[in-house]
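All remarks here apply to the structure that follows.
Protein chains: 2
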Amino acid sequence: TSSPSNLFGNRGMTLEQDLNDTNQYYRSTGKAVIHKKPTPVQIVHVDYPKRSAAKITEAYFKQPSTTDYNGIYRGSYIDFEAKETRNKTSFPFGNIHAHQMEHMHDILRHDGIAFLIIRFTLLEQTYLYDASLFLDWYFGQKERKSIPLQDIRENGHYIPLQYSPRINYLDIVDLIYFS
Amino acid sequence: TSSPSNLFGNRGMTLEQDLNDTNQYYRSTGKAVIHKKPTPVQIVHVDYPKRSAAKITEAYFKQPSTTDYNGIYRGSYIDFEAKETRNKTSFPFGNIHAHQMEHMHDILRHDGIAFLIIRFTLLEQTYLYDASLFLDWYFGQKERKSIPLQDIRENGHYIPLQYSPRINYLDIVDLIYFS
Ligand SMILES: [Mg+2]
Ligand SMILES: [Mg+2]
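The listed protein sequences derive, respectively, from chains A and B. Under our numbering, the first sequence has 81 at position 81, and the numbering climbs by one with no breaks. Under our numbering, the second sequence has 1066 at position 66, and the numbering climbs by one with no breaks.
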């Protein structure tokens, strides 16, 4: 398939910004309740100055134990991880931590909806890719350490960028999981 | 009703520790996938020293925009906030932020399961209390700024402390939401 054209462009917005904007739109219109989880941080030291807010002065980033986004849509539990890559031909597994794989696997076992939203930043293309397909690649073969873009194009779903909501991924969710 | 006895005692465990232990138990036995969200932090400054991990040197606690726990159980979206109070006669509204009220309201509108787990630490008693009852108290009257313990005893559900899992709240969820 040829590269879909991109009328709106990224305009310097990251995938996370686009998704936050979109989830805000979904919440305010009553379509879904989906939030990004806070970045996990290991807090080591906090100062409590008088008359001002507690200040964290030493902390470190922790590996997330789950994916970044979850919530409820059409009565179903929904869960996804969003990743950008500068790679132009494939999506490297290294982008997803072992705990996140395990988490997606758990969600599928419990009949939740789980997927990835993958943006190829240099190509300006974003795809929704089902978690079970991703886990098949990861656990089902040993030759490759990445998923070919070609497969993501064929078995995933292109998400066009729009003005508002920026990245209307629930339209794709309707198509894949509710029809 | 009289105070239920507490065979196992708190043994210095906070409600959060008890819930983390319990959720870990639920995940490892395949019963449910429920996680605590990370504490939301506004990161202001990060040092990137050579040859060691990025160090956050200035950050502040942010108000959470959702409740602290969510996940999937028996195919349903489940969401709750956990709070400890040292109050002996009532649960003050001030323990729950406006955003969290709004979030619980949203979840109920989308047919999710939402509740509070409230521990009266000095009484060593823990209760599950449905979010709709909580929101009724909060929005339905103006006289009180708290929910009487008596009401929580009558309309909530006492959760006994056990050895493992520490606080088996899904037994109560079965009773209230699945029977
Ligand atoms: Mg992430
Ligand atoms: Mg909290």
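All residues carry an ideal CB built from backbone N, CA and C; glycine is no exception.
Cβ-based burial, residue i [other Cβ within 10 Å; buried from 16]
{"i": "B/Asn1070", "result": "buried"}
{"i": "A/Gln125", "result": "buried"}
{"i": "A/Ala32", "result": "buried"}
{"i": "B/Leu1175", "result": "exposed"}
{"i": "B/Thr1089", "result": "exposed"}
{"i": "A/Asp18", "result": "buried"}
{"i": "B/Ala1114", "result": "buried"}
{"i": "B/Glu1182", "result": "Any answer about residue 1182 of chain B is impossible in this case: the structure gives chain B only from 1001 up to 1179."}
{"i": "A/Leu122", "result": "exposed"}
DSSP state of residue i mapped onto helix, strand, coil
{"i": "B/Ala1131", "result": "helix"}
{"i": "A/Arg153", "result": "helix"}
{"i": "A/Tyr25", "result": "helix"}
{"i": "A/Glu143", "result": "coil"}
{"i": "B/Ala1098", "result": "helix"}
{"i": "A/Phe178", "result": "coil"}
{"i": "A/His110", "result": "coil"}
{"i": "A/Tyr69", "result": "strand"}
Neighbouring residues, chain A, relative to residue i (Cβ below 8 Å)
{"i": "B/Ile1176", "result": "Residues of chain A passing the Cβ test: none, with the nearest at roughly 18 Å."}
{"i": "B/Ile1056", "result": "Val41, Ile56, Glu58, Ala59, Tyr60 and Phe61"}
{"i": "B/Ala1053", "result": "Tyr60 and Phe61"}
Assumed close pair residue i, residue j - CB separation to whole angstroms, cut-off 8 Å
{"i": "B/Lys1083", "j": "A/Lys37", "result": "About 20 Å separates the two Cβ atoms, so there is no contact after all."}
{"i": "B/Ile1072", "j": "A/Gly112", "result": "5 Å"}
{"i": "A/Ala53", "j": "A/Val46", "result": "Not confirmed; about 10 Å, so no contact."}
{"i": "A/Leu135", "j": "A/His105", "result": "6 Å"}
Partner residues on chain B for residue i, Cβ-Cβ distance less than 9 Å
{"i": "A/Pro49", "result": "Within chain B, no residue comes near A/Pro49; the closest Cβ sits about 11 Å away, beyond 9 Å."}
{"i": "A/Gly75", "result": "Ser1076, Tyr1077, His1110, Asp1111 and Gly1112"}
Proximity to residue i [Cα-Cα], best of the options
{"i": "B/Tyr1025", "options": "B/Ser1164, B/Ile1172, B/Thr1014 and B/Arg1109", "result": "B/Ser1164"}
{"i": "A/Ile107", "options": "A/Lys145, A/Asp130, A/Thr89 and A/Leu15", "result": "A/Asp130"}
{"i": "B/Ile1034", "options": "A/Asp47, A/Ile78 and A/Ala98", "result": "A/Ile78"}
{"i": "B/Glu1058", "options": "B/Asp1021, B/Ile1043 and B/Tyr1048", "result": "B/Ile1043"}
{"i": "B/Arg1103", "options": "A/Arg27, A/Gln17 and A/Thr67", "result": "This sequence places His at residue 1103 of chain B; Arg is not what is there. For the residues A/Arg27, A/Gln17 and A/Thr67, the minimum Cα distance to B/His1103 belongs to A/Arg27."}
{"i": "B/Ser1146", "options": "B/Ala1098, B/Leu1019 and B/Phe1093", "result": "B/Phe1093"}
{"i": "A/Pro148", "options": "A/Thr85, A/Thr39, A/His97 and A/Arg51", "result": "A/Thr85"}
{"i": "B/Asn1155", "options": "B/Gln1162, B/Ile1118, B/Leu1170 and B/Phe1178", "result": "B/Ile1118"}
{"i": "A/Ser65", "options": "A/Asp151, A/Met13, A/Phe134 and A/Ile96", "result": "A/Ile96"}
{"i": "A/Tyr177", "options": "A/Arg74, A/Thr121 and A/Gln141", "result": "A/Arg74"}
{"i": "B/Leu1116", "options": "B/His1110, B/Leu1123 and B/Thr1067", "result": "B/Thr1067"}
{"i": "B/Tyr1060", "options": "B/Glu1143, B/Arg1051, B/Ser1076 and B/Thr1039", "result": "B/Thr1039"}
Cross-chain neighbours of residue i in chain A, by beta carbon under 7 Å
{"i": "B/Gly1112", "result": "Ile72"}
{"i": "B/Ser1065", "result": "His35"}
Within chain A, the residues that residue i reaches when beta carbons sit closer than 9 Å
{"i": "B/Thr1039", "result": "Pro38, Pro40, Val41 and Ile43"}
{"i": "B/Gly1030", "result": "Asp106, Arg109 and His110"}
{"i": "B/Thr1126", "result": "Going along chain A, no residue has its Cβ under 9 Å from B/Thr1126, so there is no contact; the nearest lies around 24 Å."}
{"i": "B/Tyr1163", "result": "The contacting residues do not exist; B/Tyr1163 stays about 24 Å from chain A at best."}
Proximal chain B residues relative to residue i, where beta-carbon distance stays under 7 Å
{"i": "A/Ile107", "result": "Val1033 and Ile1072"}
{"i": "A/Tyr26", "result": "In chain order: nothing, as chain B lies at least about 10 Å away."}
Contacts of residue i in chain B (Cβ-Cβ under 8 Å)
{"i": "A/Gly94", "result": "Ordered by position in chain B, no residue passes the 8 Å Cβ test against A/Gly94, which lies about 18 Å from the chain."}
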